[in-house]
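Here is the structure we will look at.
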Amino acid sequence: MPFVHVEMLEGRTRQQKENLVKEMTEVISRNAGAPVEAIHIIISEIKAENLGQNGKLRG
Numbered sequence: 000m001p002f003v004h005v006e007m008l009e010g011r012t013r014q015q016k017e018n019l020v021k022e023m024t025e026v027i028s029r030n031a032g033a034p035v036e037a038i039h040i041i042i043s044e045i046k047a048e049n050l051g052q053n054g055k056l057r058g
């Protein structure tokens, strides 16, 4: 039962996230031989103000 955790900045639409989950599920199923109903995709959205890069906060 594969679990995939995706972390990304907030701001994507529901449709973008649905497309991401659909395509990731297909790729994982095809390459790992897991049935699609056993694949879990967890999306965590990060506020830009909580992301540090190059020694500085982005937001």
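Residue numbers for the sequence shown, in numbering that gives the first Met the number 0: 0 to 58. Just so it is clear, CB atoms sit at the ideal spot from N, CA and C, and this is done for glycine as well. In this text, all values refer to a predicted model and were calculated from it rather than measured experimentally.
Backbone secondary structure at residue i - three-state DSSP
i	result
MET23	helix
GLU48	helix
GLU67	Since the first residue shown for the chain is 0 and the last is 58, residue 67 is missing from the structure and cannot be characterised.
Beta strand (DSSP E) segment containing residue i, residue limits
i	result
MET0	No beta strand (DSSP E) contains MET0, which DSSP labels as neither H nor E.
Separation of residue j from residue i, as counted between CA atoms
i	j	result
ASN49	LEU56	7 Å
PHE2	ASN53	30 Å
GLY51	HIS4	20 Å
Residues near residue i by beta carbon distance below 6 Å, same chain, minus five either side
i	result
ALA37	MET0
ILE40	VAL3, VAL20 and MET23
Cβ of residue i within 7 Å of any chain D Cβ
i	result
LYS55	Among the protein chains of the structure shown there is no chain D, as only one such chain exists.
Decide yes or no for the touch test of the region 6 to 15 against the region 23 to 32: beta carbon pairs closer than 8 Å, at least 3 of them.
-> Fewer than three Cβ pairs drawn from the region 6 to 15 and the region 23 to 32 lie within less than 8 Å of each other, which leaves the two stretches out of contact.
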